[in-house]
Every structure is written in C-alpha cells, then in structure tokens.
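2 protein chains.
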Amino acid sequence: MAQPNPHNTYLPGYKEVGHHEWRTAENSAPYLLPTLQSLAETNPSLTLLDVGAGSGTITTSLAKYIPQGHITAIDLSPDILSRAASHAASVNATNITFQPASVYELAQTFGPAAFDVVHAHQVLCHLDAPVQALAQMLAVVKPGGVVAVREIDMRVWSFHPFSETMRAWVEVQKATHAAAGGSNEAGPSLVAWAMRAGARREDVKASMGTWLYATEEERRVWGTSFRDRIVGGEMRKKALELGIATEAELDRMGEEWQRWMETEDACCGTLHGEILIRKPK
Amino acid sequence: MAQPNPHNTYLPGYKEVGHHEWRTAENSAPYLLPTLQSLAETNPSLTLLDVGAGSGTITTSLAKYIPQGHITAIDLSPDILSRAASHAASVNATNITFQPASVYELAQTFGPAAFDVVHAHQVLCHLDAPVQALAQMLAVVKPGGVVAVREIDMRVWSFHPFSETMRAWVEVQKATHAAAGGSNEAGPSLVAWAMRAGARREDVKASMGTWLYATEEERRVWGTSFRDRIVGGEMRKKALELGIATEAELDRMGEEWQRWMETEDACCGTLHGEILIRKPK
C-alpha cells in the first residue's frame, strides 16, 4: 500500500552544488566506514541504498569501499542524478545504479529487506515527516543489516570571527530552513526518531561528527555558497517573504561571508548527529 | 626571564572529577593519534608534555601509544596530580612523570625545545591569557615537533530533548565560565590564537571533534556532574553572585538534568576545535 506522501520535493532548491561536491564518505560518513568494511569482509557483494544521493560524491566515495558490492543511488531530482552519473563515470565508479525515487516510497519501490545497508546524509533534516522516512529505510534493510543516517544540528554554528551579523545569519538560516518544512534539530533527534520509527534503543549506536571549513579552499567553496544564497538565491527570497530580514541586512550578511572567506585565521564548524541502526535478525 | 603570570589557578574548582575520568585519548585527542603514531615510528623514545593533565586519564591513554616514549604530565594542583599518579599506577603506566607546574612558566621550567610533542586538552579555555600559554607551549616543543590543542566551543550545545530550561542553563554555563576568566569561544579561536602566538597559518592544521553523551552510562556520568554543579557546586554559587539566575531557577535546571539523564533517547553533544601546530625545523 502506498504511504501517504508529505512534502515530496527538495525544498532548499539550491542552484549551485559546488559545496555539495566537497562531500566525501571520509568527511561526511566516517562513522559508517568501519561497519561498512566489516560487513564487506563477510559479504563482499553487499548492496547499499544511498537515499538523497544528490550530486553523488559521497556515493562514489562509498563505492570505493565495496568494489564488489553494488550501490543504488536515489534522489527526487532526475537532473541532479544525471549530474551524479556523469561524476560517477568520470571517476570510473561502475558499481552504482542511479534511479529517481522518493524516500517515502522505498518499500513499494524496492520491496522489503532489499539492501544490506541503507544510507542517508543530510536528507531527513529537509523532510517534514522524518520518522516516516526512517521507517521506510528500516523496511528495506535486511535483518542483520544497517541503516546509517547523518544530519546537521542547524542551530549550532561555531564561527571565528563571530559577529552580530553572523548571529543574524544563523537566525535567517534556521527560519528559512524551518519555513521550507525542515527540522533545525535533526542531528540530536536521530535516536528519538529511530525509536519512533520502531528501532529499539539497544540497536541504535549514536555518535556525532563535524564539518570544518578552515583552509583557504574550504573557506572559498563554502563562503561563496553561503554568500550567494543570501545575496541572490532562494534563501534571500524566502527571508524577504518571511519578513525576517531587510534587503540591506541580507546584503550585509553577504559582505560578512565575503570578509570571512578572505580572513586567513577564520573557520566555521558544524555539528552533525549520526546513527547506525542494526536491524535485528 | 619569567613571563608575567595572569590567572594561575584552575578557576572552575570542580570538587568531583568523575566526568573528567571518562576522558581518554580516543574520545578526547583522536586528531593527535595518527601524528603521534607516525612520530613514534621514527622516534620511539619521543617525549611528550601533557599540560593540565588533571586526573590523568587522557595522559595514561596517550602513554599506550608511545610505550618506549616518556610523558611529563603537569597540572597546577598537586592534589589532582597525586590522584592522576594513583590512576597511572593502577593501569601500570610507568612512563609518566607527574610534576606541578604552570603553563605560563613552561620555558623557565623545562627550557626551550624540550619535548617532541606538547599537548593540552580543555586547558586554554580556562585561561585569561591563552595566547601567552600557547606561546610557552611552542617555546618548549622541538623544531619538527608538534603542539596539539583541543578546546570546547562553550556556546554550542546540541541537546535532545531541548527546553527553555536547558537554554537558560547554557547561558549560566557561559556566564560563570566567562566570569572565571575563561573563553566561551576557545574552540573556533585556536587557529587565530596559534597565529598570534607566532605560528604561520601553513603550519597549523585545524579540525573539529565532538563529545556525545548518549548511552545510559554517559548520561549518568555527565548528567550527574551537570546536575550537581548547578544544585550545589561552585557554579551555583557563582551564578547567584552574578545575579544571573535565582535559587528556584537553578533548582529547575538541576531537575531538568535529572530528567534528561533518565530519558532513554536523550543525548547531548559538544563541539571542540582542534589544532596541530608543526614547529618549523
């Protein structure tokens, strides 16, 4: 039976994805790697479902760890999947199938217990029914398999230098994210969500991870993305619609991100909740 | 010449240290371990200075990685060092010398270029002259050696469940920490502090790490510590002196920590800045 289907679009609507392509299994899914390697030792031809694969850099990076395994990478957007497929071809990752699909319809799309590992990175934080999505992920993982999820705590930004303008930017980031149906508290909520999706506490292993933008290259990639979203992107439009900042204030935030990325000792860190759910045999 | 000596006491004045003894090299200095192992391969008898070693659990844990090396562990408090020495004896860590000393007087205590590695965990955040402390650490490390520092961003707490009472607790935590001369922004300031202490940007490698309290045991150890500090410890006394919370409000925070630690899906994460400074040869 079809699941009810809440928001079935990727709401942030980013047009540029340079900052997404910075992502790898090593910087975005390190908590999964020891488990993945251990599963692959027992079963080299394991199957992995990558939910919300986006531009596919985490997917191709995961593929390296299971050269004899197979990854099914899904996303709502055929456009981003075709970009991901080009990326996969460019790095000779041949063990990935790309397929448009919704996380809310995993069970009907793939059938129960179809994968050894089901992975999502920064997906549930965009959904207005994350528990329902997690229940679908649990439904398609095999008994003895693992669901792995990592999501940001959008309330938490660790900046240097910090300023009132950056504080205001964090508020805009949170308000526009929430207005688009996302959760600002996804990271630390993952254990609670997993239990509401049917997992037992003893089958959930929680950890936290970080992203840090500190090198000149990282500051450029991420600073440009944050600057562009606030001076001309969807986020600016939404902030103005919500009436939470003026044009002038948003311009100042863009200038602040520009200054930040040009500052040699600047950094910005984010905090991410991580869970590994072992499905009982 | 003696350095000027700002605050030369450990101001938080915690009486119980159970939560300190939870700390290990693996959960509190993972960013240092690959470098430490690589240095030990070239020079098995390397020397490490552990600054602000406290109850010594990180120290003994680091000692396992350099069995042929030697650690000098310093702290301001002879009492805590004697506890640390007992702990070291109990785990048969025989390659550690414990010695009372101040981070502000490292050069005069040990002479220049005395150690291959100089490490501090959650020390600079308590000091009112962290750059001066870092300059001393750089002074006593050998050319080609490494200074390793990890410090919390005290503004950033990732809770589930979250509440207005927890938000108020974070404000009390920050205000009492700052009133004691500490920095709430130590974590993301480390690169900037390193450069002010004389390091070149290209010799500083920044990363971030986390602590997560999520298992029943972790919630008990840390929840008890946070509860006790707010219902009866130094933090309560300071909060009342500062006039930032009433007795009733502080009691409610204690009750909230009690509830939090009894909540099966609760967690609390913190974010820590980390730097490795390679001293040029």
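Protein chains in written order, with my numbering: chain A, 1 to 281; chain B, 282 to 562. C-beta: ideal position from N, C-alpha, C; glycine also. Just so we're clear, the structure is a prediction, and the values are computed from it rather than from any experiment.
For residue i, does the three-state DSSP call read helix, strand or coil?
| i | result |
| --- | --- |
| Leu371(B) | For clarity, residue 371(B) is Ser in the given sequence; the question names Leu instead. The answer is helix: DSSP assigns Ser371(B) an H, G or I state. |
| Phe110(A) | helix |
| Asp397(B) | strand |
| Val149(A) | strand |
| Glu543(B) | coil |
| Val170(A) | helix |
| Gln380(B) | strand |
| Val404(B) | coil |
| Glu16(A) | For Glu16(A), the predicted model reports a pLDDT of 49, less than 50, meaning its position is unreliable; a value from the coordinates is still stated below. Note: Glu16(A) maps to coil in three-state DSSP. |
| Thr527(B) | coil |
| Tyr104(A) | helix |
| Thr457(B) | helix |
| Leu271(A) | strand |
| Gly425(B) | strand |
| Leu81(A) | helix |
| Asp75(A) | strand |
| Arg155(A) | strand |
Between the Cα of residue i and the Cα atoms of the options, which residue gives the shortest distance?
| i | options | result |
| --- | --- | --- |
| His402(B) | Gly554(B), Arg559(B), Pro561(B) | Gly554(B) |
| Trp565(B) | Val399(B), Pro315(B), Thr496(B) | The question about residue 565(B) has no answer here: the residues shown for chain B are numbered 282 through 562. |
| Ala129(A) | Thr97(A), Ala194(A), Ala73(A), Ala85(A) | Ala194(A) |
| Leu81(A) | Pro67(A), Ile58(A), Gln68(A) | Ile58(A) |
| Thr175(A) | Ala199(A), Gly243(A), Val204(A) | Checking the sequence shown, residue 175(A) turns out to be Ala, not Thr. It is Gly243(A) whose Cα lies nearest to the Cα of Ala175(A). |
| Ala89(A) | Asp116(A), Pro78(A), His70(A), Thr60(A) | Thr60(A) |
| Ala420(B) | Glu499(B), Ile433(B), Ala449(B), Ala388(B) | Ala388(B) |
| Arg501(B) | Gly468(B), Pro442(B), Cys548(B) | Cys548(B) |
| Ala460(B) | Glu515(B), Trp541(B), Ile355(B) | Glu515(B) |
| Met489(B) | Gln173(A), Gln136(A), Trp157(A) | Trp157(A) |
| Phe379(B) | Lys486(B), Asp546(B), Leu329(B), Ala416(B) | Leu329(B) |
| Leu357(B) | Ser383(B), Arg533(B), Gly513(B) | Ser383(B) |
| Glu217(A) | Glu255(A), Arg201(A), Val204(A), Met261(A) | Met261(A) |
| Leu271(A) | Ala168(A), Ser183(A), Ile96(A), Met154(A) | Met154(A) |
| Asn27(A) | Thr210(A), Gly182(A), Gly232(A), Asn184(A) | Thr210(A) |
| Pro78(A) | Pro67(A), Lys281(A), Pro100(A), Ile66(A) | Pro100(A) |
| Thr109(A) | Met137(A), Ile66(A), Asp228(A) | Met137(A) |
| Arg431(B) | Glu445(B), Gly513(B), Cys406(B), His458(B) | Cys406(B) |
| Gly269(A) | Ser444(B), Glu483(B), Val472(B) | Val472(B) |
Residue i touches chain A at which residues, Cβ-Cβ below 7 angstroms?
| i | result |
| --- | --- |
| Pro469(B) | Ser158, Phe159, His160, Cys267, Gly269 |
| Ala473(B) | His160, Asp265 |
From residue i to residue j, what distance separates their C-alpha atoms?
| i | j | result |
| --- | --- | --- |
| Glu105(A) | Met447(B) | 37 angstroms |
| Ala93(A) | Val51(A) | 18 angstroms |
| His400(B) | Ala429(B) | 5 angstroms |
| Val170(A) | Phe226(A) | 11 angstroms |
| Ala113(A) | Ala53(A) | 20 angstroms |
| Ala344(B) | Leu493(B) | 24 angstroms |
| Pro469(B) | Glu522(B) | 29 angstroms |
| Ser86(A) | Ile74(A) | 15 angstroms |
| Thr246(A) | Ala480(B) | 40 angstroms |
| Gln173(A) | Pro442(B) | 21 angstroms |
| Glu545(B) | Val91(A) | 43 angstroms |
| Lys238(A) | Ile230(A) | 10 angstroms |
| Gly223(A) | Asn43(A) | 41 angstroms |
| Met253(A) | Phe159(A) | 14 angstroms |
| Thr316(B) | Ile275(A) | 28 angstroms |
| Asn376(B) | Ile352(B) | 6 angstroms |
| Val485(B) | Lys142(A) | 45 angstroms |
| Ala197(A) | Glu537(B) | 26 angstroms |
| Asp509(B) | Ala529(B) | 15 angstroms |
| Ser319(B) | Pro348(B) | 14 angstroms |
| Val412(B) | Glu164(A) | 24 angstroms |
| Pro6(A) | Asn465(B) | In this predicted model, Pro6(A) has a pLDDT of only 49, less than 50, meaning its place in the structure is not dependable; the value taken from the coordinates is given anyway. C-alpha separation (whole angstroms): 41 angstroms. |
Show which residues of chain B have a CB atom less than 7 angstroms away from the CB atom of residue i.
| i | result |
| --- | --- |
| Asp153(A) | Ser439 |
| Leu212(A) | Ala487, Ser488, Met489 |
Can the beta-carbon of residue i be found closer than 8 angstroms to that of residue j?
| i | j | result |
| --- | --- | --- |
| Lys560(B) | Gly425(B) | yes |
| Gly350(B) | Ala306(B) | no |
| Asp116(A) | Leu32(A) | no |
| Gly337(B) | Ala365(B) | yes |
| Leu531(B) | Arg517(B) | yes |
| Ile152(A) | Ala206(A) | no |
| Val146(A) | Ile277(A) | yes |
| Leu127(A) | Ala135(A) | no |
Can you tell me whether residue i sits near the ligand COA, meaning its C-beta is under 7 angstroms from at least one heavy atom of the ligand?
| i | result |
| --- | --- |
| Thr305(B) | Absence of the ligand COA from the depicted structure is noted, as is the absence of any ligand whatsoever, leaving it without description. |
Give me the chain A residues within the contact set of residue i, using Cβ-Cβ distance strictly less than 8 angstroms, ordered along the chain.
| i | result |
| --- | --- |
| Arg482(B) | Glu264, Asp265 |
| Glu249(B) | Only positions 282 to 562 of chain B appear in this structure, which leaves residue 249(B) out of reach. |
By the criterion of Cβ-Cβ separation under 9 angstroms, what are the contact partners of residue i in chain A?
| i | result |
| --- | --- |
| Met476(B) | Glu264, Asp265 |
| Glu386(B) | Within chain A, no residue comes near Glu386(B); the closest Cβ sits about 27 angstroms away, beyond 9 angstroms. |
For a contact meaning CB atoms closer than 8 angstroms, what does residue i contact in chain B?
| i | result |
| --- | --- |
| Glu256(A) | By Cβ distance, chain B contributes nothing, its closest Cβ being about 15 angstroms from Glu256(A), past 8 angstroms. |
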